[in-house]
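Here the structure is laid out as structure tokens; the discussion comes afterwards.
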């Protein structure tokens, strides 16, 4: 009975498990056949291309020798014109696409960037108020968090990195002077991102808010 059960289990097992060596040999043979078929296919394609090129060259030689020179020149000129028009159209489409992408990003970045400048003005004006009327840390955190949301999605890589640098420095209890300079650095990068390529000098933006900016930039 036990032998009968073992024999039945062997019969139910897949062929690969019952005859692993034969299965390996079959797989190897199929692989060799596949490789040979691919090589033959590649050889056939290249031979066809070679014959096609030879026929094309022969046709061009006959065409040039039997066709009037004026017609040949006209055809070459027409082909060059067509290629030029197609090439120009492709380049124009690429430039148009890049412009549309930049414009789309500019439009999206406008909101968080303006929000950041508004936050800076709000904070600067808040420092001039009496302590009991100044914003709480919770209010400042909400403003910064709202700005971070828009920046995460639409801000350029450099602006995001500079913002993260400021956040990291803020958690390390940096001095007020360093805080202002890092914020100004973010403003410089935002201006650059919206097309203001010429960078202002250190402290130029801060001088809009602070009268004695020289005392900060000289430290």
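In the working numbering, the protein residues as written are 45 to 263.
Ideal placement from N, C-alpha and C gives every residue a C-beta, glycine not left out.
Computed from a predicted model, the values in this text were never measured in an experiment.
Presumed contact (8 angstroms Cβ cut-off) between residue 178 and residue 170, rounded CB distance: Indeed they touch by this definition, with Cβ atoms about 5 angstroms apart.
Exposed or buried, what is residue 142 when buried is set at 16 or more other beta-carbons lying within 10 Å of its beta-carbon? Result: exposed.
For residue 121 and residue 113, the rounded distance between their alpha carbons: C-alpha separation (whole angstroms): 12 angstroms.
Do residue 167 and residue 203 come within 9 angstroms of each other at the CB atom, strictly closer than that value? no
Under 9 angstroms between the Cβ atoms of residue 223 and residue 213? yes
Under 9 angstroms between C-beta atoms of residue 205 and residue 156: no
Separation of residue 191 from residue 135, as counted between CA atoms: 37 angstroms
Quick check on DSSP: helix, strand or coil for residue 253? coil
Nearest-angstrom Cβ-Cβ length linking residue 232 and residue 243, presumed shorter than 8 angstroms: 6 angstroms
Span of the alpha helix (DSSP H) holding residue 189? Element bounds for residue 189: 181-198.
Beta-carbon separation (whole angstroms), residue 209 vs residue 226, contact threshold 8 angstroms: That belief holds up - the Cβ atoms of residue 209 and residue 226 are roughly 7 angstroms apart, short of 8 angstroms.
What do you get for residue 207, buried or exposed, if any count of 16 or more other CB atoms within 10 angstroms of its CB means buried? When all chains shown are included, residue 207 counts as buried.
Round the Cβ separation of residue 249 and residue 228 to the nearest angstrom and send it over; I've been treating them as touching at under 8 angstroms. 5 angstroms
Among 164, 88, 230 and 79, whose alpha-carbon lies nearest the alpha-carbon of residue 185? Residue 185 has its Cα closest to that of 164, out of 164, 88, 230 and 79.
Using only CA atoms, which one of 172, 124, 71 and 115 lies nearest to residue 254? Residue 172 holds the alpha-carbon nearest to the alpha-carbon of residue 254 among 172, 124, 71 and 115.
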